[in-house]
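Heads up, the thing below is written out as structure tokens.
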Amino acid sequence: MTATYTFDVFSSLDGFGSHTGDWGGYWGKQGPEFLAHRLAQYSENPRMVFGATTYRTNVEILAAGIELEALDPWVARMRDLPATVISSTLQEPLDWPDATIASGDAVDIVARLKNESDVPLRSHGSLSLNRALLAAGLVDRIQVTLFPVITGQTGAAPIFQGAADLDLELIEHHTFDNNTQELTYRPTLHT
């Protein structure tokens, strides 16, 4: 049985995954419905897949003296999930409770994980990793959480810049707190 792989990403309306401005986390647009939904998704016990850059960013944020109890519950839950970090530069032990390093070609590693895993695979962020996996046809779902902002001056990390051309089939959608959209698509390479 092949595990489902979900590329989970936060985005501004203009397609940026983060910002350099004073918006704060979630661009200041999170609400209780959204946060409860995130916790429910991460309670499904997926295996996390991170690229080295996203792993380092997460560890920096979590190691900044923040107690786990002070984090949004879904973030604390994500940190407790088993994770595979794809990297040729990091070395074990990792500062993550249940993480292992996989070195080599990301496409080969994720193809193997999909064949071997008995739980769904989920990657939050890891933009360049997921662009490569999209091009290889290994992403089963793209879950975009669209925050109601345009970050034309402060946008950073364009999510799909340089990605393969894809056709998307909308398979699920939700609106949270009357302003944040979650759109889940099934991607196929455009030929």
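The sequence shown begins at 4 in the working numbering and counts up by one.
Using N, Cα and C, we set each Cβ at its ideal position, and we do this for glycine too.
All values derive from a computational prediction rather than experimental measurement.
Per DSSP, the continuous beta strand (DSSP E) segment holding Ala-159 begins and ends at 158-161. Pairing Leu-124 with Val-78 gives a Cβ-Cβ distance that is not under 7 Å.
Per the DSSP secondary-structure output, Ala-102 pairs in a beta bridge with Ala-86.
Residue nearest to Glu-47 within the set Leu-84, Asp-25, Asp-17 is Leu-84 (criterion: CA-CA distance). In the pairwise beta carbon analysis, the stretch 129-138 is classified as touching the stretch 160-169: at least three pairs are separated by under 8 Å. Collapsing the DSSP output to three states places Glu-185 in a strand. Annotation for Val-52: the continuous beta strand (DSSP E) segment containing it runs 50-54. Three or more pairs of CB atoms, one per stretch, sit closer than 8 Å, so the stretch 114-124 contacts the stretch 5-17. Taking a C-beta distance under 7 Å as the contact criterion, Asp-180 and Gly-34 qualify as a contact pair.
Inter-residue distance for Ser-120 and Asp-11 is about 18 Å (C-alpha atoms, whole angstroms). Excluding the 5 residues flanking it on each side, Asp-98 has same chain C-beta neighbours closer than 6 Å at Val-62, in chain order. Contact between Ala-43 and Thr-92 is ruled out by a C-beta separation of about 34 Å, above the 8 Å threshold.
C-alpha of Arg-134 to C-alpha of Pro-161: approximately 11 Å in a straight line. Rounded to the nearest whole angstrom, the C-alpha separation of Gly-107 and Leu-186 is 31 Å. Beta-bridge partners assigned by DSSP to Gln-146: Asp-11, Thr-187. For Gly-20, the secondary structure class from DSSP, reduced to helix, strand or coil, is strand.
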